[in-house]
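*Asks:* In full-length UniProt numbering, the protein residues as written are 1 to 294.
#1: Determine, using beta carbons only, whether residue 243 comes closer than 7 Å to chain D.
#2: Would residue 221 pass as a contact of residue 178 if the rule is Cβ separation under 7 Å?
#3: Strictly by DSSP, which residues pair up with residue 241?
#4: With contact counted as at least three CB pairs below 8 Å, one residue from each stretch, are the segment 102-118 and the segment 81-89 in contact?
#5: Is it right to say residue 148 is buried, meaning 16 or more other beta carbons lie within 10 angstroms of its own, or is it exposed?
#6: Suppose only complete runs of 4+ residues qualify. What are the alpha helix (DSSP H) ranges in the segment 50-104, listed by chain order?
#7: Tell me whether residue 61 is buried or exposed, calling it buried when 16 or more other Cβ atoms sit within 10 Å of its Cβ.
#8: Would you list the one or two residues that DSSP bridges to residue 213?
#9: Do residue 166 and residue 215 have their C-beta atoms within less than 7 Å of each other?
#10: Given residue 119, which residues of its chain have a CB within under 6 Å of its CB, disregarding the five upstream and five downstream residues?
#11: By alpha-carbon positions, which one of 191, 230, 209 ends up nearest to residue 296?
#12: Would you check if the distance between the CB atom of residue 162 and the CB atom of residue 138 is smaller than 7 Å?
#13: Since residue 38 is in the beta strand (DSSP E), which residue starts that stretch and which ends it?
#14: In terms of residues, what are the limits of the beta strand (DSSP E) holding residue 186?
#15: Taking contact to mean 3 or more Cβ pairs, one atom from each stretch, closer than 8 Å, check whether the segment 219-235 and the segment 46-56 are in contact.
#16: What did DSSP end up calling residue 197 once you bin it into helix, strand or coil?
#17: Please report the distance separating the alpha-carbon of residue 262 from that of residue 37.
#18: Cα separation between residue 307 and residue 110?
#19: In whole angstroms, what is the alpha-carbon distance linking residue 18 and residue 12?
Shown next, in the form of structure tokens:
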């Protein structure tokens, strides 16, 4: 299939004069996985060798001009709440906001120490596989960011130093929500509300196209389903299934809101691309730090 889109490696970011020269972890797509296998020539398999057809559109089938218009319109009509979402979910690495969510579920459902360790391990392994898969696709397809298609585009948060498609935040949100929903099925609706909010936040930040987020979320859910398919068959030494999902409805109040980092840290500002504080409809400047994001 012929590539019909602008390349991330060939265009400068808005506010910069040269294409990106400092790509973030360009070889992460080749790192080891836990529940899927990345084979030569871009093939993926399950642990038992079954081929995986990744649930994601090829970028050559996407209308990137239409996607760009959606980004521009979103930033033109950005709301204070959308800015809050962009900053909250964009602070630190993509797994940061999910860590306290996992802890709260473990605490509220009275999970034993051994099972808590298993839940954390399964989710973390799934995150790893989602990230390595997303990173493989990012650098294989090399799709340009919104601020590379419009050099006047000022984003709400800093644009990451890696290709746009698919969104890493959306992919990890999808895989995390899917695996946690296996262990805590009554929390599924809320978990996916948070996953979609995380995904949408990257559009509000101006650093991703809508399709990056929707396809990333879909890919993450697929990888999560593969992980669940593996772990749900695991047995202990007596031949008993290890997992017993927590089906009691406890209606745990998962954050956010409030949109305050549970694990706070003052990140260094490393943004060199064009960034702009949004203006509310009443022309009041929103006070916020210029953070950098993964």
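Cβ coordinates follow ideal geometry from the N, Cα and C atoms, glycine included. Given the structure is predicted, the values throughout are model-derived calculations rather than measurements.
*Replies:* Result, derived from the coordinates:
#1: The displayed structure is made up of one protein chain only, and chain D is not part of it.
#2: yes
#3: 235
#4: no
#5: buried
#6: 64-76, 80-90
#7: exposed
#8: For residue 213, which the question treats as bridged, DSSP gives no partner whatsoever.
#9: yes
#10: 183
#11: Nothing can be reported for residue 296: it is not among the residues displayed for the chain, which extend from 1 to 294.
#12: yes
#13: 36-39
#14: Per DSSP, residue 186 belongs to no beta strand (DSSP E) and is neither H nor E.
#15: yes
#16: helix
#17: 34 Å
#18: Here the chain has residues from 1 to 294 only, and residue 307 is not among them.
#19: 5 Å
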